[in-house]
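Right, one structure below, let's go through it.
2 protein chains.
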Amino acid sequence: MANSAQPIALPNPFAAGCAWIDGKYVPIGEASVPILDTGFVRSDLTYDVASVWEGRFFRLDDHLERFFTGCERLRLIPPLTKAEIRSIMVETVSRSGLREAYVEVIVTRGVPGPGQRDPRLYQPRLYVYAIPYVWIVKPELQARGTDVFVTQNTHRIPSSSVDPTVKNFHWGDFIRGMFEAYDRDAWVPILPDQNGMVTEGPGFNVFAMVDDVLYTPVRGVLEGITRRTAIEIAKDLGIKVAVGEVPVEDLYRSTEIFLTSTAGGVMPVATLDGKPVGNGNPGPVTTKIRDRYWELHSDPNYSHEVDYT
Amino acid sequence: MANSAQPIALPNPFAAGCAWIDGKYVPIGEASVPILDTGFVRSDLTYDVASVWEGRFFRLDDHLERFFTGCERLRLIPPLTKAEIRSIMVETVSRSGLREAYVEVIVTRGVPGPGQRDPRLYQPRLYVYAIPYVWIVKPELQARGTDVFVTQNTHRIPSSSVDPTVKNFHWGDFIRGMFEAYDRDAWVPILPDQNGMVTEGPGFNVFAMVDDVLYTPVRGVLEGITRRTAIEIAKDLGIKVAVGEVPVEDLYRSTEIFLTSTAGGVMPVATLDGKPVGNGNPGPVTTKIRDRYWELHSDPNYSHEVDYT
């Protein structure tokens, strides 16, 4: 019966995502972590996320550089070199065939031997996966802008406890903030520190236009690659940028607010604590930076093509 | 050849530990967590650990009660009832055959569907495992006491960021503290809060005898079951107990310090920041509480037998 010369197109098992675990590429649905990995049972790890847009990686080497700096700060020695990890990241995307992807790399402290409790003795483990691009604010909502809430009962974990420049999964404060936002009919929380200064939200940095200056917090935040890109773009556009302490009160007199993340880009904010920011539509500065951000994704100085063959 | 009436003793595949994952009991070495579980990639979970000593569970129902309270505080609905989870915990121990075990139960927020970002929509996941009993301070070192260091560059994550009474894996501060301790030739860190008050260390509560009163911190700590047991024992023994704020300076004038944890019990401290505590040997109060703690493990009011058949 089935004896045609026509080749049969098999579905790609990696179409929903591709992971690299213990030296093997596996479909994302089958990718897993040993339950005793201290990345899970101690959240002892660091990670990074790069994106692929229209078949091109965006600033991959900048992500890798930050990732390796983070490993060093945690005294975590990745089991492979930067070049090897880079190849694996590209390969997960290539195998998945995804033209728009969210590509995560994780190094954990690893699995203790029986009775071991000294993290210096564990063998660090590497995990990589590519899944379809993730939007913190979906594109249809970005046209209007999202609804943001400044948490009142939750402070960002301070730097003297956990270094926010080392990307980590200590999201307890963020998750608590998300529930606080939901309870106020908002979608996205921004967390202040204990001194009432703006920090960041779950997976993003914050920018605010106040008195024609574009502010973003200097301390207590991840030094985001999208944040860096937005600052570069703003300076190129002749916008005055101030990276400094940003009191929460300043947010309330902003004419524009936007959020930046690899997972969603430059995302306009429509309302803050239920009240419109500016006229409630994405402002001119936000729009210009956002447009330019996406243009850079095809610029060879910022991005490179994935070989899908 | 092999045709004897003698039954062949097969090795127990669960001897190194037994886990319950997705409704199945599996050897610990094969137990794993989906890589996209937000318990791993957000540390969005709570957990508890009970112990088995000489074939008896210790205060299992107290652990379960605390665990369910923690789930509620995180708005995390366990996928099974308390009675069902209890049975699974007992069964992992029974299958492992372990007479001394460390039994962990975890509920995570679960795996988001494709593109999902709202944690209210995920299906929480349950994990249970029993492994050989874990010692934060090994018994041979307990005879002498361990070496403790009060961290100078690391504060415990404050309650306004992450609730310490909900047992969590936000161990970034603890791990940083452990490396700080290693750098000072100590084994175990104690973390102060931002106001110079004693909190806790990686997996344990802290007690100190100062002016004949037994102090333990009231705030910014897990309400440990071993802590509760030690307080009950001390009161029974007629020792004055104060659960309150404990300034770090008070540790330096303690005549005895001990640590409490399900993973190791009541653990004497020999040195603090390199100097002997008291005369440098486990003190009389520590020893009395420690002895009574282990006696209670055979008391039917505190423990119950595991059926290994």
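As they're listed, the protein sequences go chains A and B.
Each residue of the first sequence is one higher than the one before, counting from 1 in full-length UniProt numbering.
Each residue of the second sequence is one higher than the one before, counting from 1 in full-length UniProt numbering.
Even for Gly, the Cβ is constructed at its ideal location relative to N, Cα and C.
By Cβ distance below 8 Å, which residues in the same chain neighbour B/K235 in space, the five residues on each side in sequence not counted?
V241
Which residues in chain A have a C-beta closer than 8 Å to the C-beta of B/F204? List them in chain order.
Under the 8 Å cutoff, chain A gives no residues; its nearest Cβ is about 12 Å from B/F204.
May I have the straight-line CA-CA distance separating A/V213 from A/G238, to the nearest angstrom?
11 Å
Give the secondary structure of B/W294 by DSSP, where H, G and I count as helix, E and B as strand, and everything else as coil.
helix
With a threshold of 16 other CB atoms inside 10 Å of the CB of A/L121, please say whether the residue is buried or exposed.
exposed
At a Cβ cut of 9 Å, what residues of the segment 168-185 of chain A count as close to chain B, listed as they run along the chain?
N168, F169, H170, W171, G172, D173, F174, I175, R176, M178, F179 and Y182
By how many angstroms is the C-alpha of A/T154 removed from the C-alpha of B/T108?
21 Å
Mark B/G17 as exposed unless 16 or more other C-beta atoms lie within 10 angstroms of its C-beta, in which case mark it buried.
buried
Between B/K24, B/P78, B/E72 and B/P112, which has its C-alpha nearest A/G29's C-alpha?
B/P112
Buried or exposed: which applies to B/E200, given that a residue is buried once 16 or more other Cβ atoms fall within 10 Å of its Cβ?
buried
Please report the distance separating the alpha-carbon of A/I233 from that of A/T309.
33 Å
With H, G and I counted as helix, E and B as strand and the rest as coil, what does DSSP make of A/E104?
strand
Proximal residues, the segment 258-281 of chain B versus chain A, C-beta separation under 8 Å:
none
Give the DSSP-derived three-state secondary structure of B/H170 in the structure shown.
coil
Starting from B/A31, find everything on chain A with Cβ-Cβ shorter than 8 Å and list it in chain order.
P34, I35 and L36
Kindly indicate the opening and closing residues of the alpha helix (DSSP H) around A/A83.
K82 to S96
Is the distance from the Cβ of B/P217 to the Cβ of B/V246 below 8 Å?
yes
Partner residues on chain B for A/D44, Cβ-Cβ distance less than 7 Å
W171 and I175
Beta-carbon separation of A/L98 and A/V52 under 8 Å?
yes
Measuring CB atoms only, is the segment 124-139 of chain A touching the segment 155-169 of chain A, in the sense that at least three cross pairs come out at less than 8 Å?
no
Does the segment 138-153 of chain B come close enough to the segment 62-81 of chain A to have 3 or more Cβ pairs within less than 8 Å?
no
Spell out the partners DSSP gives A/S51 in its beta bridges.
A/F58 and A/Y102
For the segment 174-183 of chain A against the segment 297-309 of chain A, are there 3 or more C-beta pairs whose distance is under 8 Å?
no
Does B/E54 pass the burial test, meaning 16 or more other C-beta atoms within 10 Å, or should it be called exposed?
exposed
In the DSSP output, which residue or residues are listed as bridge partners for B/Y215?
B/A208 and B/A242
Would you call the segment 221-231 of chain B in contact with the segment 58-74 of chain B, where contact means no fewer than 3 C-beta pairs closer than 8 Å?
yes
Does any C-beta atom of chain A lie closer than 8 Å to the C-beta of B/F67?
no
Could you give the distance in angstroms between the alpha-carbon of B/Y25 and the alpha-carbon of B/H297?
27 Å
Tell me which residues of the segment 144-167 of chain B have at least one Cβ-Cβ distance to chain A shorter than 9 Å, keeping chain order.
N153, T154, H155, R156, I157, P158, S160, S161, V162, D163 and V166
Residue from A/G110, A/I157, A/L191 and A/V105 whose Cα sits closest to the Cα of A/Q272
Looking at the sequence shown, residue 272 of chain A is not Gln but Leu. Nearest option by C-alpha distance: A/L191.
On a CA-only basis, which of A/D185, A/M267 and A/Q194 is nearest residue 315 of chain A? Give me that one, please.
The structure shown does not extend to residue 315 of chain A, since chain A is modelled only from 1 through 309, so no value can be given for it.
Rounded C-alpha distance that separates A/A19 from A/I35
17 Å
Of the residues that make up the segment 204-228 of chain B, which ones have a beta carbon closer than 7 Å to any beta carbon in chain A?
none
Does any residue of chain B bring its CB to less than 8 Å from the CB of A/A19?
yes
Tell me, please, which residues DSSP counts as bridged to A/C18.
A/P27 and A/A130
Just the chain A side, please: which residues come within less than 8 Å of B/V285 by C-beta, in chain order?
Those do not exist, as B/V285 stays about 26 Å from chain A at its closest Cβ, beyond 8 Å.
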